[in-house]
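Each residue of the sequence shown is one higher than the one before, counting from 1 in the numbering used here.
Note that CB positions come from ideal geometry on N, CA and C, so glycine has one too.
Here is the structure we will look at.
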Amino acid sequence: MKIIFLVSLLTLSKVALSANVSQSPKARWLKAHNDARAKKGVPPMHWDRRVAKSAQVWARHLSKSCRMMHEKNSGYGENLWSQYGYGGKLRPIESTVNSWLNEEEFYDPKNPKWCTGGECRHYTQVMWSKSTALGCATVSCGGQGNNKKYIRVCRYDPPGNFLGKKPY
Numbered sequence: 001m002k003i004i005f006l007v008s009l010l011t012l013s014k015v016a017l018s019a020n021v022s023q024s025p026k027a028r029w030l031k032a033h034n035d036a037r038a039k040k041g042v043p044p045m046h047w048d049r050r051v052a053k054s055a056q057v058w059a060r061h062l063s064k065s066c067r068m069m070h071e072k073n074s075g076y077g078e079n080l081w082s083q084y085g086y087g088g089k090l091r092p093i094e095s096t097v098n099s100w101l102n103e104e105e106f107y108d109p110k111n112p113k114w115c116t117g118g119e120c121r122h123y124t125q126v127m128w129s130k131s132t133a134l135g136c137a138t139v140s141c142g143g144q145g146n147n148k149k150y151i152r153v154c155r156y157d158p159p160g161n162f163l164g165k166k167p168y
């Protein structure tokens, strides 16, 4: 009886640990990106610590001024996202990626400029088939409580969004 209990306890511990690992920010960023890519037959990306470190360094830089701007000549593709308000609670990672994916409605594969009637370059970067490595970071800046602002940076290697080229 004790052996069965110990085996059950070990099994439950492993399940709990794997559930926690699958819920890590890194896993959630990857799943949100790769689920969307899979729907279009685009190969999955992997998490890259070097790319993630670069995203974290840039996110910290942005937090000093609490302004969003792309870093020039980083060598990576980049998507930025910010949130202000929302009761001071950070929206889920999936919400950020979905905001980029919602730009698909403005993507026109027949138009070499890609976007028609709105922004779509966040979408095309998420879907860029040659981008294989991903790294993302989240920082907070300015305000307290309900007035807190959050900035998210995702970087992609190799970069995408080359004019005249299709993402997939």
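Cβ-based neighbour list, residue i, same chain, cut-off 7 Å, excluding 5 preceding and 5 following
i, result
"Lys89", "none"
"Leu101", "Ala36, Tyr123, Val126"
"Glu48", "Checking the sequence, you will find Asp at residue 48 rather than Glu. The residues are Ala133, Leu134, Gly135, Asp157."
"Met68", "Leu62, Leu80, Ser82, Ile151"
"Phe106", "Cys115, Thr116, Gly117, Gly118, Glu119, Cys120"
"Gly160", "Gly77, Thr124, Gln125, Trp128, Lys130, Ser131, Pro167"
"Arg91", "Gln83"
Three-state class that DSSP yields for residue i in the structure shown
i, result
"Val97", "helix"
"Tyr123", "helix"
"Gly87", "helix"
"Ser140", "strand"
"Ser54", "helix"
"Ser82", "strand"
"Leu179", "Beyond the ends of the chain as shown, which are 1 and 168, falls residue 179; an answer cannot be given."
"Asn161", "coil"
"Gly171", "The structure shown does not extend to residue 171, since the chain is modelled only from 1 to 168, so the question has no answer here."
Own chain residues within Cβ distance below 8 Å of residue i, not counting five before or after
i, result
"Ala59", "Ala137, Thr138, Val139, Ile151, Arg152, Val153"
"Cys66", "Cys141, Gly142, Lys149, Ile151"
"His169", "In the structure displayed, the chain extends from 1 to 168; residue 169 sits before or after that span and is not available."
Contacting residues, own chain, Cβ-Cβ under 6 Å from residue i (five flanking each side not counted)
i, result
"Tyr168", "Lys40, Val42, Met127, Ser129"
"Asn73", "none"
"Thr96", "Trp81, Arg152"
Delimiting residues of the beta strand (DSSP E) encompassing residue i
i, result
"Asp48", "No beta strand (DSSP E) contains Asp48, which DSSP labels as neither H nor E."
"Asp157", "149-157"
Delimiting residues of the alpha helix (DSSP H) encompassing residue i
i, result
"Asp108", "Looking at the DSSP string, Asp108 is not in any alpha helix (DSSP H), and its letter there is neither H nor E."
"Pro25", "25-39"
Rounded distance between the beta-carbons of residue j and residue i, thought under 8 Å
i, j, result
"Val51", "Arg155", "5 Å"
"Pro44", "Asn34", "4 Å"
"Ile93", "Ala32", "6 Å"
"Gly164", "Ser131", "Incorrect: roughly 17 Å between the Cβ atoms, too far for contact."
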